[in-house]
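Some notes on the structure that comes next.
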Amino acid sequence: MATTDHTAAVHETTVLERHELAAGVIHLSLDAPQLAGATRPGQYVMAIPPSAQTAATALAVYEAEGKRASLLFFVTGKRTRELAELRCGDRLDVVGPLGNGFQCMNNARDVAIVAGGVGIASVLLCARELLRDGARVRLFYGARTAELLVEAQRFADAGCELVLTTDDGSAGERGFITDALERARKPEAIYACGPTPMLRTVARIATELRIPAQLALEETFGCGIGGCWGCVVPLAGHSSQAPSFPPAVRGGSDVVYARICREGPVFLADELRW
Amino acid sequence: MATTDHTAAVHETTVLERHELAAGVIHLSLDAPQLAGATRPGQYVMAIPPSAQTAATALAVYEAEGKRASLLFFVTGKRTRELAELRCGDRLDVVGPLGNGFQCMNNARDVAIVAGGVGIASVLLCARELLRDGARVRLFYGARTAELLVEAQRFADAGCELVLTTDDGSAGERGFITDALERARKPEAIYACGPTPMLRTVARIATELRIPAQLALEETFGCGIGGCWGCVVPLAGHSSQAPSFPPAVRGGSDVVYARICREGPVFLADELRW
Amino acid sequence: MVNVRPSLTTRIGQLELAYPTLMGSGCYGTGEEFAPFADLRKIGAIVLKSVTRLPRLGNPMPRIVHTSAGMLNAIGLQNPGIEWYLERELPKYSGRPCKLVGSVAGFSIDDYAYVTQRLAARSEIAAIELNVSCPNVASEGETFGCDPGLTARVVRAARAGTDKTLIVKLSPNVTDICAVAREAEAAGADALAVINTVRGMAIDVEAWHPRLANVSGGLSGPAIRPVAVLAVYEVAQAVKIPIVGQGGIETVTDALEFFLAGASAISIGTANFTDPRVPERIVAELEAYLARRGCASIDAIVGKANVGFATPHQYEGDEG
Amino acid sequence: MVNVRPSLTTRIGQLELAYPTLMGSGCYGTGEEFAPFADLRKIGAIVLKSVTRLPRLGNPMPRIVHTSAGMLNAIGLQNPGIEWYLERELPKYSGRPCKLVGSVAGFSIDDYAYVTQRLAARSEIAAIELNVSCPNVASEGETFGCDPGLTARVVRAARAGTDKTLIVKLSPNVTDICAVAREAEAAGADALAVINTVRGMAIDVEAWHPRLANVSGGLSGPAIRPVAVLAVYEVAQAVKIPIVGQGGIETVTDALEFFLAGASAISIGTANFTDPRVPERIVAELEAYLARRGCASIDAIVGKANVGFATPHQYEGDEG
Ligand SMILES: Cc1cc2nc3c(=O)[nH]c(=O)nc-3n(C[C@H](O)[C@H](O)[C@H](O)COP(=O)(O)OP(=O)(O)OC[C@H]3O[C@@H](n4cnc5c(N)ncnc54)[C@H](O)[C@@H]3O)c2cc1C
Ligand SMILES: Cc1cc2nc3c(=O)[nH]c(=O)nc-3n(C[C@H](O)[C@H](O)[C@H](O)COP(=O)(O)OP(=O)(O)OC[C@H]3O[C@@H](n4cnc5c(N)ncnc54)[C@H](O)[C@@H]3O)c2cc1C
Ligand SMILES: Cc1cc2nc3c(=O)[nH]c(=O)nc-3n(C[C@H](O)[C@H](O)[C@H](O)COP(=O)(O)O)c2cc1C
Ligand SMILES: Cc1cc2nc3c(=O)[nH]c(=O)nc-3n(C[C@H](O)[C@H](O)[C@H](O)COP(=O)(O)O)c2cc1C
Ligand code: FES
Ligand code: FES
Numbered sequence: 083m084a085t086t087d088h089t090a091a092v093h094e095t096t097v098l099e100r101h102e103l104a105a106g107v108i109h110l111s112l113d114a115p116q117l118a119g120a121t122r123p124g125q126y127v128m129a130i131p132p133s134a135q136t137a138a139t140a141l142a143v144y145e146a147e148g149k150r151a152s153l154l155f156f157v158t159g160k161r162t163r164e165l166a167e168l169r170c171g172d173r174l175d176v177v178g179p180l181g182n183g184f185q186c187m188n189n190a191r192d193v194a195i196v197a198g199g200v201g202i203a204s205v206l207l208c209a210r211e212l213l214r215d216g217a218r219v220r221l222f223y224g225a226r227t228a229e230l231l232v233e234a235q236r237f238a239d240a241g242c243e244l245v246l247t248t249d250d251g252s253a254g255e256r257g258f259i260t261d262a263l264e265r266a267r268k269p270e271a272i273y274a275c276g277p278t279p280m281l282r283t284v285a286r287i288a289t290e291l292r293i294p295a296q297l298a299l300e301e302t303f304g305c306g307i308g309g310c311w312g313c314v315v316p317l318a319g320h321s322s323q324a325p326s327f328p329p330a331v332r333g334g335s336d337v338v339y340a341r342i343c344r345e346g347p348v349f350l351a352d353e354l355r356w
Numbered sequence: 083m084a085t086t087d088h089t090a091a092v093h094e095t096t097v098l099e100r101h102e103l104a105a106g107v108i109h110l111s112l113d114a115p116q117l118a119g120a121t122r123p124g125q126y127v128m129a130i131p132p133s134a135q136t137a138a139t140a141l142a143v144y145e146a147e148g149k150r151a152s153l154l155f156f157v158t159g160k161r162t163r164e165l166a167e168l169r170c171g172d173r174l175d176v177v178g179p180l181g182n183g184f185q186c187m188n189n190a191r192d193v194a195i196v197a198g199g200v201g202i203a204s205v206l207l208c209a210r211e212l213l214r215d216g217a218r219v220r221l222f223y224g225a226r227t228a229e230l231l232v233e234a235q236r237f238a239d240a241g242c243e244l245v246l247t248t249d250d251g252s253a254g255e256r257g258f259i260t261d262a263l264e265r266a267r268k269p270e271a272i273y274a275c276g277p278t279p280m281l282r283t284v285a286r287i288a289t290e291l292r293i294p295a296q297l298a299l300e301e302t303f304g305c306g307i308g309g310c311w312g313c314v315v316p317l318a319g320h321s322s323q324a325p326s327f328p329p330a331v332r333g334g335s336d337v338v339y340a341r342i343c344r345e346g347p348v349f350l351a352d353e354l355r356w
Numbered sequence: 661m662v663n664v665r666p667s668l669t670t671r672i673g674q675l676e677l678a679y680p681t682l683m684g685s686g687c688y689g690t691g692e693e694f695a696p697f698a699d700l701r702k703i704g705a706i707v708l709k710s711v712t713r714l715p716r717l718g719n720p721m722p723r724i725v726h727t728s729a730g731m732l733n734a735i736g737l738q739n740p741g742i743e744w745y746l747e748r749e750l751p752k753y754s755g756r757p758c759k760l761v762g763s764v765a766g767f768s769i770d771d772y773a774y775v776t777q778r779l780a781a782r783s784e785i786a787a788i789e790l791n792v793s794c795p796n797v798a799s800e801g802e803t804f805g806c807d808p809g810l811t812a813r814v815v816r817a818a819r820a821g822t823d824k825t826l827i828v829k830l831s832p833n834v835t836d837i838c839a840v841a842r843e844a845e846a847a848g849a850d851a852l853a854v855i856n857t858v859r860g861m862a863i864d865v866e867a868w869h870p871r872l873a874n875v876s877g878g879l880s881g882p883a884i885r886p887v888a889v890l891a892v893y894e895v896a897q898a899v900k901i902p903i904v905g906q907g908g909i910e911t912v913t914d915a916l917e918f919f920l921a922g923a924s925a926i927s928i929g930t931a932n933f934t935d936p937r938v939p940e941r942i943v944a945e946l947e948a949y950l951a952r953r954g955c956a957s958i959d960a961i962v963g964k965a966n967v968g969f970a971t972p973h974q975y976e977g978d979e980g
Numbered sequence: 661m662v663n664v665r666p667s668l669t670t671r672i673g674q675l676e677l678a679y680p681t682l683m684g685s686g687c688y689g690t691g692e693e694f695a696p697f698a699d700l701r702k703i704g705a706i707v708l709k710s711v712t713r714l715p716r717l718g719n720p721m722p723r724i725v726h727t728s729a730g731m732l733n734a735i736g737l738q739n740p741g742i743e744w745y746l747e748r749e750l751p752k753y754s755g756r757p758c759k760l761v762g763s764v765a766g767f768s769i770d771d772y773a774y775v776t777q778r779l780a781a782r783s784e785i786a787a788i789e790l791n792v793s794c795p796n797v798a799s800e801g802e803t804f805g806c807d808p809g810l811t812a813r814v815v816r817a818a819r820a821g822t823d824k825t826l827i828v829k830l831s832p833n834v835t836d837i838c839a840v841a842r843e844a845e846a847a848g849a850d851a852l853a854v855i856n857t858v859r860g861m862a863i864d865v866e867a868w869h870p871r872l873a874n875v876s877g878g879l880s881g882p883a884i885r886p887v888a889v890l891a892v893y894e895v896a897q898a899v900k901i902p903i904v905g906q907g908g909i910e911t912v913t914d915a916l917e918f919f920l921a922g923a924s925a926i927s928i929g930t931a932n933f934t935d936p937r938v939p940e941r942i943v944a945e946l947e948a949y950l951a952r953r954g955c956a957s958i959d960a961i962v963g964k965a966n967v968g969f970a971t972p973h974q975y976e977g978d979e980g
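Residue numbers (the working numbering), protein chains in the order written: chain A, 83 to 356; chain B, 83 to 356; chain C, 661 to 980; chain D, 661 to 980.
See the structure below:
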């Protein structure tokens, strides 16, 4: 989508604030003026593990304003557990901003943002930019349970209309957020981030509604910067995002594996060949 | 030496205080009343790594009084680095007290305690007990450089006479602490803890002076509780500390490998067959 | 969901275990050392330290080096030899509230036959594990386990000396572990222990010499877990006898990987050095996991992840 | 102490390197991806991603799983095939401020011969590495590197097609890596890369299937370092040609272990995923180490820990 310029760098940042929003959900604000200045919606950083533990962790830049960039993450394994132990004043080095973010400058006036779980971290900057451009923004936000619906208020404060769902019905409607999306008024465009099964459904809905959708994919990364081909997704051979690669024929059409970290993480739904 | 009773247990402790005494030298006080009550001089604990990292770390119990037991350690690798990151209020589980400590109840009235580097952590309880019993205690304490001669004042306050050396002459006399021991007035008994080369020299000096010496050995441990035979030292086959094992003949005399963690860590110098 | 408490009992040959957890040979002493910190009633069995025909002083120090998420050991099979062991050691172990598995190491076929027969004859010993894969005794020790034919000969010789359950412990330091596994099975093994330690070394960069006196040692702990899980997965496809999975098990998730790969029981070694509460914690969490997943017993999950599910898309041939 | 700045230059066959650090094949892309974060002038060479005769889409996702102190990968040799590579990729790489080593993988002797000859003919390519040890392409890929005889045939075929430096990358997944090393040397290899990844797998304990689409993958990172150091130590005793040591190098201490074990250069792979500043930091710290130890050059420490110093005391025979 929005193409990379070469402002990415290694930033030595300091933790300004740390909040545990729910059990195992951490919000870290970093003193990172250059990163904050350079980041566009949908971009991410690779957070270097303070104790050198195999691989950096891909995390969306949640907020970027003034000297402050923030990260919002779930503790799911060793690396996020280590990041969760950071305290105010601790140092955290991050590489970024990375990837091609959302292309928010389109002309849609009534847009839907769809976020599943931690996907919420990737869409705040996008929502703010769309709202600033005058669009009407509905946030479709689903989580397993009420307390994991973190930060919904911040989107409401920013001016989004909220549609919430939880798997267990403990807040909002019970069910998947994509069910709510299907029942709702047709938007002119969709921006989405969340688990792959959710994104597949969003893609299907967008196709059926014949509206454009931009999907921010998340898979386990190796390098996070295009060096290892550990994070691919099949694209249509003709896609403008396809890397230089001879297309393979699959199911009768041309397919190329693109790197989520380098050619993405945001892809146009109708160019994905999952 | 003093034989194990079965008060050893897993203790869930909380960090009460943390001080960095010099660069990479940490003093951690733990809320651990049962441990403090059960520990005798020369015993140690296995500190369970907060993030489950392969093996617990053997650390002497430095102080034990009331509800407080403390640890004093040098950051030398991954595990001590992790322990150094603990803060007040953090939890630390330890197994102990372990091992057979110093036998301080002898009749010597003029004793020498010899500590090299972090060996200092193993001898404070011993010094206090000897002083309490009315002995005159000289502490021979050596380190690489002045700032690593941590805690000397605490021994002075307790009533020890101090003889200090540093390898670089930045405090006390220049040279090895065993040189100072050799030059000093002959004590009636020696208690020592430090690197193996230092302990070998102490053993030689004690033999030459025909005085008893108790040496607290430190080697890389596996289990720390007698289960893996990863921490052996050759003892005379007749030693009262020898484990049940058929002695091997080496250099004309009987030798048995004893476990430092189980049969030691304190051994009588004249029974070691290094 | 089942409402009854899931069963954790398992069988390895004729060895009936109240819990599917063994404590790895050489890692749990005689059990007595750990008894103040761990409830031995909550353990399936202890595999005792390997014993040889003659006494062995073992390797000089250092015998242990800690590495990234693992440790190297080169104990060198220190043990008092089978005679002393039978006379003075084994009697102390009677009355343990869990089963005891004897471990046999040797330097000739005859060694294995002799020690197995002597040890298996004792009532304290519920089963025998053949350690044909100790990497810490120069080349001889591991030669057996690295050669399918030699492994078969060791197993046949040991088999002749006992009817008790015979577990053969395999080395990962081979090109094809399945070939060794198949030979062991054909020669009469009742079960396989997969895997022993992986050969490795570390160097002291200031002193310019190997950190272990023995130069090389066996790598254990979480570092080797992926290697061990794959070995169990592949061996489970090659043989029909049960597998005791091991190598880096520290948490219930780790343990589950082994059961799902095809292990009927697991063995916990190095993790006991991290925290002696690990075995009891794993058993409690296994029970909770089975209950949550609606499984009546641990058997219900054995091998459940052992199917290829990849359908790779390639240009060339059919390579995955 | 020497007062001149220690020299870090090294030679691998005819390949002259300003720094003894290579970036591992498949881990550093084309160099361009890392250029914003790392100074390529401070790198000896980049080993490019392995290329095959025909294009390969590679394995489906997931291709990567993080494990304790390591990671598993099963990329499956995704690459555009040698024709596309020579025409459209290689031209972009000219002008890199460090040397480029081409990496060749194949599924037949003829593949290796053909791709080596085509690739080596290009001026952008300073040397060729033969990847006979990729564990992620079903059995075929690694068969070559696991069989001394096949390895020899691959090396002879490739050797016939170029005079440029030929580095053969060995698999650790064998019973005897030295046997393979000796055959590779005899067949004309100029150097050996030791080691490629160790085979392993991980299982998703909720979904009950392997976490990699390819089922198994190659383990890299600090977890395998002890295995890699031992392989370098043993291979250095078996052959006379230089060794490029690799497997889990993250810090200067790790790097020093490899040089002291007998490697003339090192390769850094997975550590670049942790922190792209690692290669530059290692080079700076190597220089400081050599200065502190009074060594004029990196050569001065190669193999300096490679002597047995153990004198074990045993009852039986002479086993260590
Ligand atoms: C572009 C991008 C942006 C991202 N942004 C964010 C963000 O803003 N916030 C955020 O929270 N995350 C984000 N992620 C996801 C994050 O990078 C991953 O969750 C990361 O893997 C966490 O690392 P970890 O070491 O903590 O977990 P890992 O150890 O990598 O584990 C990851 C998952 O595997 C599971 N797992 C581990 N072991 C097993 C096992 N044996 N069996 C079954 N499952 C197992 C864990 O439970 C966990 O769910 C993003 C990812 C990408 C690619
Ligand atoms: C009974 C007993 C009591 C003890 N009491 C104390 C105490 O009170 N305080 C204390 O500080 N210590 C004490 N120790 C020592 C402490 O247990 C060890 O220092 C422990 O190994 C530290 O663990 P670590 O993981 O931090 O270091 P490790 O990773 O185990 O490293 C230990 C040493 O190896 C070196 N090393 C690591 N890698 C390499 C390499 N590649 N090349 C060369 N060298 C390398 C490190 O620099 C370090 O010096 C005691 C030991 C025993 C046995
Ligand atoms: C210190 C130590 C000593 C060991 N001694 C033996 C032994 O005598 N016989 C044997 O069969 N395995 C021995 N092993 C291997 C373990 O039983 C186990 O198979 C291996 O360590 C892998 O499991 P883990 O990662 O859980 O430790 C030993 C392992 C360690 C760490
Ligand atoms: C993601 C990834 C891809 C790799 N691809 C290749 C490859 O194409 N060819 C090859 O010879 N080695 C490949 N390797 C192996 C590395 O070059 C290196 O030998 C190995 O990872 C060990 O080093 P490390 O622990 O420093 O990563 C790959 C490794 C990784 C992690
Ligand atoms: S994670 Fe390495 S290429 Fe995307
Ligand atoms: S460290 Fe295990 S027996 Fe001493």
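C-beta atoms are modelled at their ideal positions from N, C-alpha and C, and glycine is treated no differently.
What in chain D is Cβ-close to residue i, meaning under 7 Å?
i, result
"Pro666 of chain C", "Neighbours of Pro666 of chain C on chain D: none; closest Cβ ~15 Å, over 7 Å."
If we define contact as Cβ-Cβ less than 8 Å, is residue i a contact residue for chain C?
i, result
"Asn733 of chain D", "no"
"Ala84 of chain B", "Reliability of the predicted coordinates at Ala84 of chain B is poor, the pLDDT of 49 falling under 50, and the value obtained from them is presented with this limitation in mind. False, the Cβ-Cβ gap to chain C never drops below 8 Å."
Grouping DSSP H, G and I as helix and E and B as strand, with all else coil, what is residue i?
i, result
"Asn932 of chain C", "helix"
"Cys310 of chain A", "coil"
"Val895 of chain C", "helix"
"Pro696 of chain C", "coil"
"Cys275 of chain A", "strand"
"Ala970 of chain D", "For Ala970 of chain D, the predicted model reports a pLDDT of 37, less than 50, meaning its position is unreliable and no value from the coordinates is stated."
How big is the Cα-Cα spacing for residue i and residue j?
i, j, result
"Ile272 of chain A", "Ala194 of chain A", "5 Å"
"Ala867 of chain D", "Lys964 of chain C", "10 Å"
Could you confirm whether any beta carbon from chain D is found closer than 8 Å to the beta carbon of residue i?
i, result
"Thr727 of chain C", "yes"
Which whole-angstrom value describes the C-beta separation of residue i and residue j, a residue pair presumed to lie in contact below a C-beta threshold of 8 Å?
i, j, result
"Gly178 of chain B", "Ala90 of chain B", "6 Å"
Counting only Cβ pairs nearer than 9 Å, list the residues of chain A close to residue i.
i, result
"Gly689 of chain D", "Cys305, Ile307, Gly308, Gly309, Cys310, Trp311, Arg344"
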